[in-house]
Structure formats: C-alpha cells, structure tokens
Amino acid sequence: MNNFKYYLLLVCLLCFVSCNNEEDEVDPVGNWTQISPIEGVARSAAVSFVIGNKAYVGTGYDSDERLSDFWEFDPASRTWKQIANFGGTARNNAVGFSINDKGYVGTGYDNVYRKDFWEYDPGNNRWSQKTDFGGTARQQATGFSLNGLGYLGTGYTGNYVSDFWRFDPNDTSNGYDTYGNPMGSWVQVASYGGKNPKRRGAVSFVIDNLAYVGTGESNGSTQKDFWAYDAEGNKWTEIAELEDADETGYPRAYGSAFAINGQGYVGVGSSGSNLADLWEYTPATNVWEQKTSFEGTARVNAVGFAIGEKGYIGTGSSSTYRFDDFWEFAPFDTYNEED
C-alpha cells in the first residue's frame, strides 16, 4: 500500500512539473517573413537609406566587381524598381543615411579609400556631388542623421579610427552644386567613446533625439559596447553592453541595425563565425532582450533598415557567397515557423 501511495505521489508531482513547464514556455516574439529579393545582382557591403515610405539599396560587391546600381523598395507591394546609378565610382563598404527627403552616400572603397559624398534626390531621380567628407578617406564607417544633420564616423583608413563628423546639407559656405543646391559642409564633433573607440564595422540606430552606436571590430577583436550620442550636448554616454540577463556578451562586427517604435534592433554579423541572432534594446530600461533569430542564412555585411513598424535585413555574405534575399521582421507578431 505504501508503495502505491508513493507511486501516486510521484505521478502527481510529475504532472505538476509538466503543467508548470508548459505554462512557462513562451513563443518567441517577433516574426520573419521572406520577401522579394533585390532585383539586382547578389551583393555584400552595400548601403541603404529610407526616405518616406521607400527604402533605397545600392553599391556593394558581388564577388567579381564593385557595384554602382541602386534600387528602390516599396514595402506596400514588396517590389523593387531600379533608379539612377550612384553618381560616384562603384564601391563597397560605404555609408548611407537620409536627411529629410534626400539620401546621402559617401566614403567606401574601390581599391582606394574614398571620401567623396553624394546626395540623391528621389523627386528628380538624380545624384549630385557634395562637399567631400571632412575626415580622412575611409571604409567600413557608420552613419546616421539627427535633427536635419548627418553624422559619419569610425571606420578604417589603413588604421582604425574613432573620429566623428557632422554634415550640414544647407550650408552654402562651400558654394552650390550643379543644380544650384548648397554643397554642404563638415565639422568635426566628439569622437566615439569606449575603451576601444577606434573600430570598423560598427552599427547605429536612432531613437528620438539620440543616436546609438556600438559593436564593431577593434584591432582584430569584436566589440559588444554601446554608446548614445547626444548631438545637442555633443557627448557620448555609455549604455548597456550587448549582453543577456546573465551578462553573457554577444560581441560582433559587420552586423545590421534598425529602430522601430522607440526600440533598437541589432542582428547578424560575425564574432569569429557568422551570426543570425537578433537583439532588441529598450532605452527606458537600458536592457537588451533576445528576439526571434533572423531566418535567413547567418551572414555579415548585410543592410538593415526600418519602414513603419517593420524591419528589413537583406543582401550580405557568408564566406565567398553573396546574397540577394530580403527578410521582413514584425517585432510584435508571434513567431510562425510556416512563414
């Protein structure tokens, strides 16, 4: 009889544990859907920027040659349309960002480091050259825009660098371009913070009036630190490193980033091997949380951007293979393995 009672107690305990485990299981938050690939050739180390409800992707490297073609993405129809080729030389590892209704692309590599800087006008589908970047010619820098001004910094000039520069597109001190618009000007601002500030392959995203810059490679070592830039005060403030609640770090270089509804997202890249994870940063709590991993092949040098409440990652490379696929991320949807 005692054995029977023991058996019943054991069964009840197992059922209790099983039920609790089922209640504790939470489906991953965020869902990836594969969408139309870019219609140009597969590539890595391209640039992207967003104007209104359209994204623009171009330049890069396709294993054989550097590229200058550019493509417009419409998220409503998930279709691509070719636009005017980039105005400068074909290149990879450049920087792209938008200011108001114009796109900007500059720096990069085409067998030499570049510092030329170009503006794209979607209304006229044309590129115009602006004042050269104010720092040393470089590749693998990062860039963003804040309050109508552009920022570009870090990267590789033959050496790792940490300097940052601000671009004013409306400054006329350098004259006017071919179409009668200001050439703009560059002013050096506070250099990137950190114990290893000199780096390449960092990522950036903007939330409200702060830019967040982090990760990257510094002298062969991947980084996990992140810093917030306050343009008004021209200062960098360290925030939480890219690590989980157990303080396990997830350093990387050559990743992708975007921001949606007040939260930042960082994913893919490399830390000795290629990565496919995705992390969400909440400024209010200063905490990183892992989300549903990117469902394409793990990769480096992909582009990342957000339109509305969706994020996008596409192109990139794994070893010598280049990608043309694109994936859409819905951060508030439950993971669906059938997508």
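My numbering applies: residue 14 is where the sequence shown begins, and numbers increase by one. Glycine is no exception: its CB is placed at the ideal position from the N, C-alpha and C atoms. Computed from a predicted structure; not experimentally measured.
- In terms of Cβ geometry, Val70 and Ala59 form a close pair [threshold 8 Å].
- A distance below 8 Å between beta-carbons, with the five flanking residues on each side excluded, links Glu256 to the following residues of its chain, in chain order: Lys237, Gly262, Tyr263 and Trp301.
- When the Cα atoms are used, Asp243 and Ala270 turn out to be separated by approximately 19 Å.
- Between Ala266 and Gly246, the C-beta gap is not smaller than 8 Å, which leaves the two residues out of contact.
- Proximity to Ala103 across Ser111, Ser90, Asp114 and Val118 peaks at Val118, based on C-alpha coordinates.
- Beta-bridge pairing by DSSP links Pro195 to Tyr189.
- DSSP, reduced to helix, strand and coil, places Arg265 within a strand of the structure shown.
- Shown here for Ala107: same chain residues with a beta carbon closer than 6 Å to its own, the five before and five after excluded, namely Val60, Thr72, Val118, Thr120 and Gly121 in chain order.
- In this structure, Arg139 sits away from Thr170, with a CB-CB distance that is not shorter than 8 Å.
- Ser217 counts as buried, since no fewer than 16 other beta carbons sit within 10 angstroms of its beta carbon.
- Counting C-beta pairs closer than 8 Å gives fewer than three between the stretch 153–168 and the stretch 88–98, which falls short of the contact rule.
- In this model, Pro344 and Gly321 are separated by some 11 Å (Cα to Cα).
- Excluding sequence positions up to five before and after Glu341, its CB lies within less than 6 Å of the CB of Thr46, Ile48, Lys323 and Tyr325, all in the same chain and listed in chain order.
- Within the model, the alpha-carbon separation for Asp290 versus Val279 is close to 8 Å.
- The beta carbons of Ile64 and Gly116 sit closer together than 8 Å.
- Look at Tyr334 here: in three-state DSSP terms it is strand.
- In terms of CA proximity to Asp75, Ser332 leads the group Gln153, Glu351, Thr347 and Ser332.
- A straight-line Cα-Cα distance of about 12 Å links Gly317 and Gly277.
- Sequence-distant Cβ neighbours of Lys211 in its own chain, meaning closer than 7 Å and more than five residues away, are Tyr173, Val174, Ser175 and Ser231.
- Looking at Phe146, Ala241 and Gly229, the one whose alpha-carbon comes closest to that of Val219 is Ala241.
- In the three-state DSSP reduction, Gln236 falls in the strand class (E or B).
- Thr167 sits close to Ala215, with the two beta carbons spaced by under 8 Å.
- When DSSP reads this structure, Ser283 sits in a beta bridge with Ala266 and Asn287.
- One thing to note: Gly327 has its Cβ no nearer than 8 Å to the Cβ of Ala319.
- Excluding its 5 nearest sequence neighbours in each direction, Val202 has C-beta neighbours in its own chain below 6 Å: Phe177, Arg179 and Asn247, listed in chain order.
- A Cβ-Cβ distance of about 26 Å is found for the pair Trp84 and Gly43, leaving them out of contact under the 8 Å criterion.
- For Asp243, DSSP records a beta bridge to Leu223 and Lys248.
- In the DSSP assignment, Leu80 forms a beta bridge with Gly73 and Arg104.
- Assignment of beta strand (DSSP E) within the stretch 145–191, counting only whole runs of 3 or more residues, yields 155–159, 162–169 and 173–181 in chain order.
- By alpha-carbon distance to Gly329, the top candidate from Asn124, Asn105, Phe62 and Asp82 is Asn105.
- When the five nearest sequence neighbours on each side are left out, the beta carbons in the same chain lying within less than 6 Å of the beta carbon of Arg335 are those of Ala55, Arg56, Ser57, Asp75 and Ser76, in order along the chain.
- The Cβ-Cβ distance between Lys128 and Asp190 does not fall below 8 Å.
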